[in-house]
Amino acid sequence: MQTDRRRFVAGALAAAALPAAAAAQERLITKPIPSSGEQLPVIGIGTARRYEAAPSEAEKAPLRGTLKRFHELGGKVIDTAPSYGQAESVVGDLVSELKIRPGLFLATKVGADSPEAGRAQIEASFQKLRTERIDLIAVHNLRDITNQLATLRGMKQAGRIRYVGATTSSDNQYADFEARMRRETLDVVQVDYALDNRGSADRILPLARDRGMAVWVNLPFGRGRLFQATQGKPLPDWAKEIDCTTWAQVFLKYVVSHPAVTCAVPGMAQAKYVDDNLGAARGRLPDAALRKRMEQFIDGV
Ligand SMILES: NC(=O)c1ccc[n+]([C@@H]2O[C@H](COP(=O)([O-])OP(=O)(O)OC[C@H]3O[C@@H](n4cnc5c(N)ncnc54)[C@H](OP(=O)(O)O)[C@@H]3O)[C@@H](O)[C@H]2O)c1
1 MQTDRRRFVA
11 GALAAAALPA
21 AAAAQERLIT
31 KPIPSSGEQL
41 PVIGIGTARR
51 YEAAPSEAEK
61 APLRGTLKRF
71 HELGGKVIDT
81 APSYGQAESV
91 VGDLVSELKI
101 RPGLFLATKV
111 GADSPEAGRA
121 QIEASFQKLR
131 TERIDLIAVH
141 NLRDITNQLA
151 TLRGMKQAGR
161 IRYVGATTSS
171 DNQYADFEAR
181 MRRETLDVVQ
191 VDYALDNRGS
201 ADRILPLARD
211 RGMAVWVNLP
221 FGRGRLFQAT
231 QGKPLPDWAK
241 EIDCTTWAQV
251 FLKYVVSHPA
261 VTCAVPGMAQ
271 AKYVDDNLGA
281 ARGRLPDAAL
291 RKRMEQFIDG
301 V
């Protein structure tokens, strides 16, 4: 009796563990950084907001669970910034505690008004992220970009950082952003793009392709706006054609199927969101015709 019960419990646990284990073994869709050919999974983690406050031990648990699950499933890219409160320290502490640094691609930003302030901020990022090499540092929202790029290029040459980039998330910076993209050599540009926010697809995304720059997408859910727009609505039939079982996967597959986009960095602070969102890095992606239908759908909501 006891043995049967034990066998039953063991069987039930194995059955419950199966989808997670199977998911962990399924390779994620990757795309290359054009300047190097290095492949990155198309879904990363954004750390604005939910990682900003200094967490108590209890508050750290879900963040630890998020990063652990992300790494288990083959996730690599973590996007943070010195201006996200304690986020760099929170990420650095958890990554070190989980001993997962070698598998990750750590990206942060510099947002300062002088070369000296920028250098001091970057040194602090190395400390907080607890790493000797940062994979990408991008100039945050074009701030003091000429000076900051000079510093970053020196650091790249010295082997302390691997890639250099620039970010924006607001369309009133797009003209300046494009001008910089035309005249600078950048490995990665980061810009806002979402199913209901497609302005960067007019010129920035095609320009990035022409210039051989990787595109990382911030705000892929419009800070949750897309979930509000579709709340209570069933998934359209076409979601099956691209292996989506949730709205999050629909929104992310739209973004990462753009030919210029390398990856998206949705804000994620719960392991269940990691399971959901990394589902967008598996299965079929929409082709141009289905992308059109997705746009028509959201425009009609
Ligand atoms: N200029 C820049 O450089 C710049 C600007 C903005 C953002 N960024 C980067 O982009 C990242 C993403 O931006 P964001 O986090 O503000 O906005 P976002 O990714 O568009 O949306 C995040 C929101 O989506 C929710 N969410 C995530 N996965 C979900 C799921 N599977 N199901 C339901 N809800 C889900 C989260 O919920 P909860 O609230 O429950 O966690 C959060 O509220 C930032 O973290 C940052 O790294 C960069």
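Using the numbering used here, the letters of the sequence shown map in sequence onto residues 1 to 301.
Note that CB positions come from ideal geometry on N, CA and C, so glycine has one too.
From a predicted model like this one, the values you see are computed outputs, not experimental measurements.
N-terminal and C-terminal residue of the beta strand (DSSP E) that residue i is part of
| i | result |
| --- | --- |
| Gly165 | Ile161 to Thr167 |
| Val261 | Val261 to Ala264 |
| Thr30 | Thr30 to Pro32 |
Whole-angstrom distance between residue j and residue i, CA atom to CA atom
| i | j | result |
| --- | --- | --- |
| Gly11 | Gln249 | Because the pLDDT of Gly11 is 42, which lies under 50, any placement of that residue in the model is unreliable, and the number read from its coordinates should be weighed accordingly. Those two C-alpha atoms are separated by around 30 angstroms. |
| Leu252 | Trp238 | 15 angstroms |
| Gln231 | Tyr163 | 39 angstroms |
| Thr30 | Ile242 | 16 angstroms |
| Ile161 | Cys244 | 36 angstroms |
| Leu129 | Ser96 | 9 angstroms |
| Ala54 | Val91 | 11 angstroms |
| Ala179 | Thr146 | 12 angstroms |
| Gln148 | Leu142 | 9 angstroms |
| Ile204 | Pro259 | 12 angstroms |
| Arg133 | Gly65 | 24 angstroms |
Boundaries of the alpha helix (DSSP H) in which residue i is found, first to last residue
| i | result |
| --- | --- |
| Ala138 | Taken as a continuous stretch (DSSP letters only), Ala138 belongs to no alpha helix (DSSP H), being part of the beta strand (DSSP E) at Ile134 to Val139. |
| Tyr126 | In the sequence as presented, Tyr is not what sits at residue 126; that position holds Phe. Unbroken alpha helix (DSSP H) run through Phe126: Pro115 to Leu129. |
| Asp275 | Ala271 to Leu278 |
| Leu285 | Leu285 -> no alpha helix (DSSP H), and no H or E assigned at all. |
| Pro62 | Glu57 to Glu72 |
| Tyr174 | Tyr174 to Arg183 |
Paired residues, beta bridge with residue i - DSSP
| i | result |
| --- | --- |
| Leu106 | Ile78 |
| Pro41 | Thr30 |
| Val302 | With the chain running from 1 to 301 in the structure shown, residue 302 is simply not present. |
| Ala214 | Val188 |
| Asn147 | Per DSSP, none; premise fails for Asn147. |
Rounded Cβ spacing between residue i and residue j (contact assumed at less than 8 angstroms)
| i | j | result |
| --- | --- | --- |
| Asp93 | Gly46 | No, Asp93 and Gly46 are not in contact; Cβ-Cβ is about 18 angstroms, not under 8 angstroms. |
Counting beta carbon pairs with one atom in the segment 192 to 201 and one in the segment 223 to 241, are three or more of them shorter than 8 angstroms? yes
Count the C-beta pairs between the segment 270 to 284 and the segment 67 to 83 that are closer than 8 angstroms, then say yes if the count reaches three, no if not. yes
Is the segment 90 to 106 close to the segment 144 to 153, with three or more CB pairs under 8 angstroms? no
Spell out a yes or no on whether the segment 116 to 135 and the segment 47 to 66 are touching, meaning 3 or more CB-CB pairs, one atom from each, closer than 8 angstroms. no
Would you check if the segment 161 to 181 and the segment 259 to 268 touch, i.e. whether three or more CB-CB distances between them fall below 8 angstroms? no
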